[in-house]
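Participant: The structure that follows is given in the form of structure tokens.
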């Protein structure tokens with residue numbers, strides 16, 4: 001079966017990009033509640049609890065938590081090399097954006113369609129923040 005790629009416009013928040021398997025969180029996330037060694041979400045009751053965001057394309061509702069814990073979470077994941085390859089965020093908020101800027105984590109928002117309708121867990125996604133483009137290939 002032939003896979004079809006769909007392209008979507010977005011807005012660059014932090015330059016760069018990445019590609020890989022999508023992991024989707026329809027809820028906000030605090031990166032401090034991820035294990036820096038593995039990138040595994042450890043927040044009890046979170047939809048991604050027990051799953052690793054390391055090396056994935058994270059589709060995220062928004063961030064949550066204070067600036068100190070969010071920046072520290074991003075920093076610890078960055079040091080250990082367990083950040084996602086890129087983040088697509090639905091609802092941008094200043095703490096999430098500033099945390100991403102501090103560690104130079106590629107991030108985009110304002111996807112031209114609802115990212116939770118266009119991207120599912122396991123889809124292959126390429127984020128090119130510099131070109132303000134997202135490419136999605138649905139998983140079989």
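Numbering (the working numbering), first residue to last: 1 to 140.
Ideal Cβ placement from N, Cα and C applies to all residues, glycine included.
#1: CA-CA distance, residue 129 and residue 45?
#2: Give every residue of the same chain whose Cβ lies closer than 6 Å to the Cβ of residue 3, excluding the five residues on either side of it in the sequence, and list them in chain order.
#3: If you measure between the beta carbons of residue 115 and residue 59, is that distance less than 8 Å?
#4: Residue 118 lies in the alpha helix (DSSP H); which residues open and close that run?
#5: Between the stretch 75-93 and the stretch 33-48, are three or more C-beta pairs nearer than 8 Å?
#6: What distance in whole Å lies between the Cβ atoms of residue 62 and residue 93, which are believed to be in contact at a cut-off of 8 Å?
#7: Which one or two residues does DSSP pair with residue 66 in a beta bridge?
#8: Whole-angstrom Cβ separation of residue 75 and residue 103, contact assumed at under 8 Å?
#9: Using the beta-carbon count (16 or more within 10 Å), is residue 91 buried or exposed?
Facilitator: On the basis of the supplied data:
#1: Along the chain shown, read from residue 1 onward, the residue named residue 129 stands at position 129. Along the chain shown, read from residue 1 onward, the residue named residue 45 stands at position 45. About 31 Å.
#2: Along the chain shown, read from residue 1 onward, the residue named residue 3 stands at position 3. If we look at residue 3 and ignore the five residues flanking it on each side, its Cβ neighbours are 137.
#3: The sequence position of residue 115 within the chain shown is 115, counting from 1. The sequence position of residue 59 within the chain shown is 59, counting from 1. Contact: yes.
#4: Counted from its first residue, the chain shown places residue 118 at position 118. First-last of the alpha helix (DSSP H) with residue 118: 115-118.
#5: yes
#6: Start at 1 with the first residue of the chain shown, and residue 93 comes out as number 93. Start at 1 with the first residue of the chain shown, and residue 62 comes out as number 62. Yes, they are in contact, since the Cβ atoms of residue 93 and residue 62 sit about 6 Å apart, within 8 Å.
#7: Position 66 of the chain shown holds residue 66. DSSP lists no partner for residue 66.
#8: Here residue 75 corresponds to residue number 75 of the chain shown, with the count starting at 1. Here residue 103 corresponds to residue number 103 of the chain shown, with the count starting at 1. The pair is a contact, with the Cβ atoms about 6 Å apart (cut-off 8 Å).
#9: Locating residue 91 in the chain shown gives position 91, where the first residue counts as 1. Classification of residue 91: exposed, given that the 10 Å Cβ count is below 16.
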